[in-house]
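Below is one structure, written out as structure tokens; the observations come after it.
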Amino acid sequence: MKTAIIKTNDGCFVARFTEQGLAGLEFPAQSPAVARFDNQLDSAQRAWLKTTERAVRAILAGKEPAACPPLDLPKGTAFQRAVWRELRHIPPGVTRSYGEVARALKRPLAARAVGAACGANPIPLLIPCHRVLAANRRLGGFSGGLDWKRRLLEREGVSVNA
DNA sequence: AGTTCGGACCGTT
DNA sequence: AACGGTCCGAACT
Numbered sequence: 212m213k214t215a216i217i218k219t220n221d222g223c224f225v226a227r228f229t230e231q232g233l234a235g236l237e238f239p240a241q242s243p244a245v246a247r248f249d250n251q252l253d254s255a256q257r258a259w260l261k262t263t264e265r266a267v268r269a270i271l272a273g274k275e276p277a278a279c280p281p282l283d284l285p286k287g288t289a290f291q292r293a294v295w296r297e298l299r300h301i302p303p304g305v306t307r308s309y310g311e312v313a314r315a316l317k318r319p320l321a322a323r324a325v326g327a328a329c330g331a332n333p334i335p336l337l338i339p340c341h342r343v344l345a346a347n348r349r350l351g352g353f354s355g356g357l358d359w360k361r362r363l364l365e366r367e368g369v370s371v372n373a
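In my numbering, the protein residues as written are 212 to 373.
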């Protein structure tokens with residue numbers, strides 16, 4: 212697993228690449244105690260990095276990315292991957308509730324499990340878990356911090372209840 | 001209107 | 001067996 216940095220106006224994101232594709236994306240750490248980075252990406256990974264950079268910047272601007280790198284989601288359960296795949300169908304500016312995602316997966320009562328799967332999402336932004344709100348149209352939770360969730364939604368033109 | 005409370009639900013560890 | 005990025009209705013203010 213190789214690590215790369217993506218600089219944006221909102222801070223430096225951390226991207227993790229395997230031989231299969233992008234495996235992880237981390238929000239900028241408040242304490243940039245960044246460990247050592249072996250930036251020895253191979254050529255395929257360098258291409259993925261550029262695609263990832265453009266995709267991240269697009270989403271930070273509230274827009275749909277033109278392209279995404281291949282995603283490598285090794286340690287996800289079948290249910291989690293089903294949730295993550297469903298999330299990728301939600302375009303910018305659109306939100307669903309945890310329960311709605313559960314129903315789309317034919318597990319109408321699994322709203323809480325959907326929330327847990329969102330929390331386990333290794334690639335935020337590209338897998339847009341920030342577009343999933345509580346049923347009362349309030350924010351719900353977010354692993355990366357609710358301020359991030361609110362900010363991302365605002366950039367997409369979504370207004371959220373206090 | 002808004003808020004709190006309790007129970008029920010599901011997948012993961 | 002216990003815990004969550006939940007949900008809904010009921011019972012409040």
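Note that the Cβ used here is the ideal one computed from N, Cα and C, for glycine as well.
Since Gly310 is in the alpha helix (DSSP H), which residue starts that stretch and which ends it? Looking at the DSSP string, the run of the alpha helix (DSSP H) that includes Gly310 is 309-315.
Touching by the beta-carbon criterion (3+ pairs, under 8 angstroms), the stretch 272-280 and the stretch 297-306: Contact holds: three or more Cβ-Cβ distances are below 8 angstroms.
Would you kindly work out how many angstroms separate the C-alpha atoms of Ala322 and His341, rounded to a whole number? Using only the alpha carbons, I get a separation of about 15 angstroms.
Classify Leu357 as helix, strand or coil using the three-state DSSP reduction. Looking at Leu357 - three-state DSSP - the assignment turns out to be helix.
Please classify Ala266 as buried or exposed, where buried requires at least 16 other C-beta atoms within 10 Å of its C-beta. Ala266 comes out buried.
Which listed residue (Val294, Leu233, Lys286) has its alpha carbon closest to that of Cys279: Closest option to Cys279, judged by alpha-carbon separation, among Val294, Leu233, Lys286: Leu233.
Leu284: first and last residue of the uninterrupted beta strand (DSSP E) it sits in: Per DSSP, Leu284 belongs to no beta strand (DSSP E) and is neither H nor E.
Could you tell me whether the stretch 325-334 touches the stretch 348-358, where touching means 3 or more Cβ pairs closer than 8 angstroms? Judged by Cβ distances under 8 angstroms, the stretch 325-334 makes contact with the stretch 348-358, as three or more pairs qualify.
Meets three-Cβ-pair contact criterion under 8 angstroms: the stretch 250-262 and the stretch 222-236: Contact between the stretch 250-262 and the stretch 222-236 is established, with three or more Cβ pairs separated by less than 8 angstroms.
By a C-beta neighbour count over all protein chains shown, 10 Å radius and 16 as the cutoff for buried, is Lys286 buried or exposed? Counting C-beta atoms within 10 angstroms of its own C-beta, Lys286 has fewer than 16 neighbours from the protein chains shown and is therefore classed as exposed.
Residues in the same chain with beta-carbon distance under 8 angstroms from Asn220, minus the five sequence neighbours each way, listed in chain order, please. Taking Asn220 as the centre and dropping the five residues before and after it, the same chain places the C-beta of Leu271 closer than 8 angstroms to its C-beta, in chain order.
Whole-number beta carbon distance between Phe228 and Ala240, since they are thought to touch under 8 angstroms: Wrong, their Cβ atoms sit about 18 angstroms apart, outside the cutoff.
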